[in-house]
Amino acid sequence: MSKGQGFGFGLGKMKELTDAIKKAQQVQEGAKKLQEELEQMEIEGEAGGGLVKVILSGNQEPLRVEIAPQLLTEGAEVLSDLVGAAMKDAYRKSTDTMRVRMEELTSGLGLPGM
1 MSKGQGFGFG LGKMKELTDA IKKAQQVQEG AKKLQEELEQ MEIEGEAGGG
51 LVKVILSGNQ EPLRVEIAPQ LLTEGAEVLS DLVGAAMKDA YRKSTDTMRV
101 RMEELTSGLG LPGM
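Rendered as structure tokens:
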């Protein structure tokens, strides 16, 4: 180790490290806020022209299923198919929402791979 060089970190490297730490803190704070927001969201998937609705939280936690009364006479197979389709719709919408919100969180931070 040469005199005055410390551990090989120049001032430029220290600034880069400080900037990286600040970005990581921003992402961590944003992720915590986003997690809280997602918990409060209700994302609705539907099938059968709205006769079946599945509602998930933004974190994909099932909240409730709504089935139109007139659909109950259609039989178990039809009902099962529509509930499954509504679940897939809600899941797709929730993953799209999470992806968009994460992109918003990380945009402008210059994080590699984001």
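Mapped onto the working numbering, the consecutive letters of the sequence shown carry residue numbers 1 to 114.
Glycine included, C-beta positions come from ideal geometry on N, C-alpha and C.
Under the Cβ criterion (8 Å, minimum of three pairs), the stretch 50-64 counts as touching the stretch 88-99.
Looking at the backbone, the Cα of Ser-80 and that of Glu-29 are separated by about 41 Å. The beta carbons of Leu-71 and Val-65 sit no closer together than 9 Å. Gly-48 sits away from Ala-76, with the two beta carbons spaced by 9 Å or more. Counting only residues of its own chain and dropping the five nearest sequence neighbours on each side, Ala-24 has no CB closer than 8 Å to any other CB.
Taking a C-beta distance under 9 Å as the contact criterion, Met-87 and Leu-34 do not qualify as a contact pair.
In this structure Leu-51 is in contact with Leu-82, their Cβ atoms being roughly 7 Å apart against a cut-off of 8 Å.
Looking at the DSSP output, Ala-47 shares a beta bridge with Val-52.
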